[in-house]
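K.L.:
For the sequence shown, our numbering gives the first residue as 317, with consecutive numbering after it. I am attaching a structure below and will ask some questions about it afterwards.
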Amino acid sequence: MIKKMFFILLLCLGFQILSAQDKTSEINFILNKAHNGIEKTNVSLFSDYLNSRVYISLSDGTKGYFSANQSYYIIQDFLIGINPIKVSFETASEESENPVAFGDIEYVSSGKKNKLKLFISMEFFHDKWRITHISMTK
Numbered sequence: 317m318i319k320k321m322f323f324i325l326l327l328c329l330g331f332q333i334l335s336a337q338d339k340t341s342e343i344n345f346i347l348n349k350a351h352n353g354i355e356k357t358n359v360s361l362f363s364d365y366l367n368s369r370v371y372i373s374l375s376d377g378t379k380g381y382f383s384a385n386q387s388y389y390i391i392q393d394f395l396i397g398i399n400p401i402k403v404s405f406e407t408a409s410e411e412s413e414n415p416v417a418f419g420d421i422e423y424v425s426s427g428k429k430n431k432l433k434l435f436i437s438m439e440f441f442h443d444k445w446r447i448t449h450i451s452m453t454k
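This is the structure in structure tokens:
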């Protein structure tokens, strides 16, 4: 009986470890899509992962909650306007309930190199990770 309970305990722990690994790889996959989409000025690369309501804060003064569809066009137009040349970020807390990533966006304006701070946060909704917040500010 004790062996059976020990086996069940090990099995449960194994599933939790696999679940945590799956969570981390899914979060990294989505953040990689966002990285590529921002760097290539192509929001469609990560638009499937936008939540139905996304908080956006941009250096042009745009701030607020927008639908996924509105978010797509707002972010796309903003990226076209700044034309990013390099995006870099690191995941700060992929183990938490609300993973976040911080980084920088480099772009050239009037012949001068500029930087924006990038922030992305995610939440788990309806069995999927969704981007709930995107900031690109000075």
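Even glycine gets a Cβ: it sits at the ideal position worked out from N, Cα and C.
Measure the alpha-carbon distance for N344 versus Q386 and round it to whole angstroms.
P.N.:
By 1-based counting over the sequence shown, the position of residue 344 is 28. By 1-based counting over the sequence shown, the position of residue 386 is 70. Roughly 24 Å separates the two Cα atoms.
K.L.:
Going by C-alpha to C-alpha distance, which of G377, I391, I421, Y381 sits closest to S368?
P.N.:
As a working note, residue 368 is residue 52 in the sequence shown. Nearest of G377, I391, I421, Y381 to S368, Cα basis: Y381.
K.L.:
For I401 versus Y423, is the C-beta spacing smaller than 8 Å?
P.N.:
Within the sequence shown, residue 401 is the residue found at index 85, counting from 1. Within the sequence shown, residue 423 is the residue found at index 107, counting from 1. Contact: yes.
K.L.:
May I have the straight-line CA-CA distance separating N352 from I436, to the nearest angstrom?
P.N.:
Indexing the sequence shown from 1 puts residue 352 at position 36. Indexing the sequence shown from 1 puts residue 436 at position 120. In a straight line, the C-alpha of N352 is about 14 Å away from that of I436.
K.L.:
Out of Y388, Y365, K379, state which residue places its alpha-carbon closest to the alpha-carbon of H442.
P.N.:
Counting from 1 along the sequence shown, the entry for residue 442 is found at position 126. If we check each option's Cα against that of H442, Y365 comes out closest.
K.L.:
Tell me the rounded alpha-carbon separation between F394 and E355.
P.N.:
Sequence index remark: in the sequence shown, residue 394 carries index 78 (1-based). Sequence index remark: in the sequence shown, residue 355 carries index 39 (1-based). Each residue's alpha carbon lies about 12 Å from the other.
K.L.:
Measure the alpha-carbon distance for S360 versus Y388 and round it to whole angstroms.
P.N.:
Locating residue 360 in the sequence shown gives position 44, counting from the first residue. Locating residue 388 in the sequence shown gives position 72, counting from the first residue. If you take the alpha carbons of S360 and Y388, they lie about 8 Å apart.
K.L.:
Would you tell me roughly how many angstroms separate the C-alpha atoms of M452 and F440, rounded to the nearest one?
P.N.:
For the purposes of this step, residue 452 is identified with residue 136 of the sequence shown, where counting begins at 1. For the purposes of this step, residue 440 is identified with residue 124 of the sequence shown, where counting begins at 1. M452 and F440: Cα-Cα distance of roughly 22 Å.
K.L.:
Report the option in N430, Q392, N358 whose CA atom is closest to the CA atom of I372.
P.N.:
In the sequence shown, counting from the first residue as 1, residue 372 sits at position 56. If we check each option's Cα against that of I372, Q392 comes out closest.
K.L.:
Once the 5 residues before and after T407 are set aside, which same chain residues still bring their CB inside 8 Å of it?
P.N.:
Against the sequence shown, residue 407 aligns to sequence position 91. Closer than 8 Å at Cβ, skipping near neighbours: I343, N344, L347, P415, V416, A417.
K.L.:
Please state the DSSP three-state secondary structure of K428.
P.N.:
By one-based count along the sequence shown, residue 428 stands at place 112. Strand at K428.
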